[in-house]
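A.B. asks: Residue 545 is where the sequence shown starts when you use our numbering, and the numbers rise one by one after that. No residue lacks a Cβ here, since even glycine has one placed at the ideal position from N, Cα and C. Predicted, not measured: the structure shown is a model, and the values here were computed from it. Handing you a structure now.
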Amino acid sequence: MSSLRNPRKEIESLIGAGDLEGLLRKAGELHGHFCPYVALGVRAGYMALKALGIERTTGMEEVVAIVETNNCFSDGVQIVTGCTFGNNALIYRDLGKTAVMLAKRDGTAIRIALKAEWEDSFDSRYPEAHALFERIVINREVATQAEHEKLMQLWAESSFEQLELPEEEVFNVKPRKIKVPSYAPIFASVRCSVCGENVMETRARIKDGKPICIACASAEHYLLDGAGISIGKGESS
Ligand SMILES: [Zn+2]
Ligand SMILES: [Zn+2]
Numbered sequence: 545m546s547s548l549r550n551p552r553k554e555i556e557s558l559i560g561a562g563d564l565e566g567l568l569r570k571a572g573e574l575h576g577h578f579c580p581y582v583a584l585g586v587r588a589g590y591m592a593l594k595a596l597g598i599e600r601t602t603g604m605e606e607v608v609a610i611v612e613t614n615n616c617f618s619d620g621v622q623i624v625t626g627c628t629f630g631n632n633a634l635i636y637r638d639l640g641k642t643a644v645m646l647a648k649r650d651g652t653a654i655r656i657a658l659k660a661e662w663e664d665s666f667d668s669r670y671p672e673a674h675a676l677f678e679r680i681v682i683n684r685e686v687a688t689q690a691e692h693e694k695l696m697q698l699w700a701e702s703s704f705e706q707l708e709l710p711e712e713e714v715f716n717v718k719p720r721k722i723k724v725p726s727y728a729p730i731f732a733s734v735r736c737s738v739c740g741e742n743v744m745e746t747r748a749r750i751k752d753g754k755p756i757c758i759a760c761a762s763a764e765h766y767l768l769d770g771a772g773i774s775i776g777k778g779e780s781s
């Protein structure tokens with residue numbers, strides 16, 4: 545069964561055919577809605593694959609995507625490049641920029657970043673969507689069901705329009721040569737002496753001579769959320 549050999553066959557066919565609309569529909573399955581930034585992530589991922597001549601996207605770290613934001617853009621990048629949080633081919637730099645660098649193992653890379661001018665012109669190009677977005681999403685004002693639906697519809701329409709804009713209006717593109725991080729190491733697990741769950745040994749602490757997980761130790765750890773990476777503490781699991 546070819547789908548067992550290559551679960552991304554359908555997506556790779558869309559990439560091969562240059563079907564950005566089809567890829568954006570796939571991105572919607574992961575992302576949950578259509579919005580301009582997820583569309584831009586799809587485009588950037590597609591452009592990067594083409595520029596580097598990559599056809600197979602098996603998620604085995606032969607290609608890595610280094611994203612500089614955890615906004616909607618990164619979901620577009622993940623679906624198209626096949627580099628994901630879970631397969632370790634996605635690297636997150638907490639820089640707060642809508643940008644991605646795609647790199648091959650030999651260090652050949654390309655960085656694609658959203659032009660500031662695109663962002664500056666978006667609100668005036670989509671005034672109705674902008675006004676609704678500001679009220680409903682930014683200011684968290686109470687909105688009617690119809691207003692919510694209107695925003696989602698305007699957003700969805702604008703997302704597909706982002707696929708049509710000339711590349712040079714949207715992105716800065718620069719070839720790079722980088723040192724690609726080593727393949728993700730595989731660590732052994734140890735058992736937490738308090739909760740009994742297994743924990744990656746590099747994340748375990750020792751208490752009274754026995755391994756204990758970070759959660760049970762209420763120890764500090766890194767936390768990635770919508771605000772970026774910060775130090776978290778406590779919250780036993
Ligand atoms: Zn989104
Ligand atoms: Zn524990």
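How many angstroms separate the CA atom of Ile758 from the CA atom of Ser733?
C.D. replies: Approximately 13 Å, taken between the alpha carbons.
A.B. asks: Mapping DSSP to helix, strand and coil, what is Thr625?
C.D. replies: In this structure, Thr625 counts as helix in the three-state DSSP scheme.
A.B. asks: Indicate whether Leu698 and Lys648 have their beta-carbon atoms separated by less than 9 Å.
C.D. replies: Taking 9 Å as the Cβ cut-off, Leu698 and Lys648 do not qualify as a contacting pair.
A.B. asks: Please report the residue range of the alpha helix (DSSP H) in which Phe677 lies.
C.D. replies: It spans Pro671 to Phe677 - the alpha helix (DSSP H) in which Phe677 sits, taken as one unbroken run.
A.B. asks: With DSSP run on the structure shown, which of helix, strand or coil describes Asp798?
C.D. replies: A question about residue 798 goes unanswered here, because the residues of the chain that appear run from 545 up to 781.
A.B. asks: Between the segment 630–649 and the segment 597–612, are three or more C-beta pairs nearer than 8 Å?
C.D. replies: The segment 630–649, when compared against the segment 597–612, does touch it at the 8 Å Cβ threshold.
A.B. asks: Curious, which full-length beta strand (DSSP E) runs of at least 3 residues does the segment 672–738 contain?
C.D. replies: As far as the segment 672–738 is concerned, its whole beta strand (DSSP E) runs of at least 3 residues are 715–721 and 733–735.
A.B. asks: Relative to ligand 1, is the shortest distance from any of its heavy atoms to the C-beta of His674 smaller than 8 Å?
C.D. replies: No - ligand 1 has no heavy atom lying nearer than 8 Å to the Cβ of His674.
A.B. asks: Given the structure, does Gly776 come close to ligand 2, in the sense that its CB is under 8 Å from one of the ligand's heavy atoms?
C.D. replies: No; taking the cut-off as 8 Å, the Cβ of Gly776 has no heavy atom of ligand 2 nearer than that.
A.B. asks: Compute the Euclidean distance between the alpha carbons of Leu558 and Arg552, then round it to the nearest angstrom.
C.D. replies: Rounded to whole angstroms, Leu558 to Arg552 spans 10 Å at the Cα level.
A.B. asks: I'd like to know whether the C-beta atoms of Tyr581 and Val624 end up nearer to each other than 9 Å.
C.D. replies: Result no, Cβ atoms of Tyr581 and Val624 do not sit closer than 9 Å.
A.B. asks: Under 8 Å by Cβ, that's how I've got Arg583 and Leu568 pegged, so tell me the actual separation to the nearest angstrom.
C.D. replies: The question names Arg, yet the displayed sequence has Ala at residue 583. Right, the Cβ-Cβ distance comes to about 5 Å (below 8 Å), so this counts as a contact.
A.B. asks: Within its chain, find whatever has a CB closer than 6 Å to the CB of Pro719; leave out the 5 residues flanking it on each side and keep chain order.
C.D. replies: The answer, listed in chain order, is Ile654.
A.B. asks: Using the DSSP secondary-structure output, state which residues sit across from Cys757 in a beta bridge.
C.D. replies: DSSP lists Ala748 as partners of Cys757.
A.B. asks: Looking at Cys616 and ligand 2, is the gap between the Cβ and the nearest heavy atom below 8 Å?
C.D. replies: Cys616 Cβ: outside cutoff for every heavy atom of ligand 2.
A.B. asks: From the DSSP output, read off the bridge partner residues of Lys648.
C.D. replies: Partner(s): Val607.
A.B. asks: I'd like to confirm something about Val621: is its beta-carbon nearer than 8 Å to some heavy atom of ligand 1, or not?
C.D. replies: Result no, Cβ not under 8 Å from ligand 1.
A.B. asks: Given Arg749, which residues of its chain have a CB within under 8 Å of its CB, disregarding the five upstream and five downstream residues?
C.D. replies: Around Arg749: Pro755, Ile756, Cys757, Ile758, Ala761 and Ala763.
A.B. asks: With a threshold of 8 Å (Cβ to nearest heavy atom), would Glu678 be considered close to ligand 2?
C.D. replies: Not under cutoff, so the answer is no.
A.B. asks: Given the structure, does Cys739 come close to ligand 4, in the sense that its CB is under 8 Å from one of the ligand's heavy atoms?
C.D. replies: Of the ligands one can find in the structure shown, namely ligand 1 and ligand 2, none is ligand 4.
A.B. asks: So, helix, strand or coil for Ala633, using DSSP?
C.D. replies: Residue state, collapsed to three classes: coil.
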